[in-house]
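Student:
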Amino acid sequence: MIALALSILSSTMIFVVFKLFSKFKINTLHGIVFNYVTACICGIVFQKNTVAFAEIPSYTWFPFALILGALFITVFNLMAVTTQRSGLSVVSVATKMSVAIPILFGLIYYNESLGFLKITGIVLALIAVYLSSIKTKDGIKIKRSNFIFPILVFLGSGIIDTTIKYLEGEFIAENDIPIFSATIYAMSGAIGFSILAYQAIRGKFRFQFKNVLGGIALGIPNYFSIYFLVQALRSGIFDSSGVFTINNVAIVMISTLIGILFFKEKLLFKNWIGIVLAVLSIILITSEKL
1006 MIALALSILS STMIFVVFKL FSKFKINTLH GIVFNYVTAC ICGIVFQKNT
1056 VAFAEIPSYT WFPFALILGA LFITVFNLMA VTTQRSGLSV VSVATKMSVA
1106 IPILFGLIYY NESLGFLKIT GIVLALIAVY LSSIKTKDGI KIKRSNFIFP
1156 ILVFLGSGII DTTIKYLEGE FIAENDIPIF SATIYAMSGA IGFSILAYQA
1206 IRGKFRFQFK NVLGGIALGI PNYFSIYFLV QALRSGIFDS SGVFTINNVA
1256 IVMISTLIGI LFFKEKLLFK NWIGIVLAVL SIILITSEKL
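Count along the sequence shown starting at 1, add 1005, and that's the number in the numbering used here.
(1) Let me make sure I understand the geometry here. Which of L1129, A1010, Y1064 has the alpha-carbon closest to that of F1314?
(2) If you run the structure through DSSP and keep just helix, strand and coil, what is Q1052?
(3) Answer yes or no: do A1130 and S1012 have a C-beta to C-beta separation smaller than 7 Å?
(4) Please report the straight-line C-alpha distance between I1182 and F1051, rounded to a whole angstrom.
(5) Drop a sphere of 10 angstroms on the beta-carbon of V1128, count the other beta-carbons inside from all chains shown, and report buried for 16 or more, exposed for fewer.
(6) With 16 as the cutoff for other CB atoms within 10 Å, does G1074 come out buried or exposed?
(7) Specify whether the segment 1211-1219 and the segment 1033-1044 touch according to this definition: at least 3 beta carbon pairs, one from each stretch, less than 8 Å apart.
(8) To the nearest angstrom, report how far apart E1060 and A1187 are at their CA atoms.
(9) Does the Cβ of N1252 have 16 or more other Cβ atoms within 10 Å, making it buried, or fewer, making it exposed?
(10) Quick check on the burial criterion: 16 or more other C-beta atoms within 10 angstroms. Buried or exposed for F1020?
(11) Helix, strand or coil for D1244, going by three-state DSSP, please let me know.
(12) Please report how far the alpha carbon of F1159 lies from the alpha carbon of I1206, in whole angstroms.
(13) Can you tell me the Cα-Cα spacing of G1163 and I1049, whole angstroms?
(14) Note the first and the last residue of the continuous alpha helix (DSSP H) segment covering L1296.
(15) Buried or exposed: M1006, going by 16 or more other Cβ atoms within 10 Å of its Cβ?
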């Protein structure tokens, strides 16, 4: 339970840092790239047993880590495009509703239990995520030409979580979680720096130290969000469908409350309903294990 709580806290801190990006006018792409560097360094620092870097490509999880690294930064760019074309609420819904993919994977591949309370809790959680994420009275409106982008964000986010669950159960040793995470972020960082190099060649890159600081502030909770999520999946307190549901809905709920308290965000009535349903869904899912 502690690992799950720390994963939720770390992911919520990512939300807070992203909010501060706009306040301090930090270039989001630059901050994201330096975030990957920071997260990679965290993985190397927290690796307990000695690992020869030349041997990392021989690990069974190495190809998957490279694919995940590419997915991380690809999904980020898709989120940016979706935000520009359809708004932040669409991105929020697509990202958080993607929890349905790892939930279904856990239920089918690992034959996880599915009692009445859990089914009700998962359904309420998905409704809660939707209601908490919509910040306009008219709901979501997407042009037909832009519909592909939130779908790709939905699929990409869900595939990332599902792959992490699969690798955690099949390939990654307990002591290798930090270096596994570091490899993912190293791949994302390498792609990110390639993008920045391309911008520099075209004369569109301007270095600002505040972007580095923003990346560091983002990278630390980003690393621990994955690290503690893997630990929560391994704890056995809930099966993976329960962990992913509680993790996502709690992040949405706490992030929404932080937005009210610290960023003076105004919530609609349906947002409050979403928060109430989020609490209820967590109670139902956890009560099935009690």
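Quick reminder that beta carbons are idealized off the backbone N, C-alpha and C, glycines included.
Tutor: For this structure:
(1) A query on residue 1314 cannot be resolved here, the shown segment of the chain reaching from 1006 to 1295 and no further.
(2) coil
(3) no
(4) 9 Å
(5) Result: exposed.
(6) It counts as buried.
(7) Yes, since at least three Cβ pairs between the segment 1211-1219 and the segment 1033-1044 fall closer than 8 Å, the two stretches touch.
(8) About 14 Å.
(9) buried
(10) buried
(11) coil
(12) 33 Å
(13) 26 Å
(14) Only positions 1006 to 1295 of the chain appear in the structure, and residue 1296 is not among them; the question remains open.
(15) exposed
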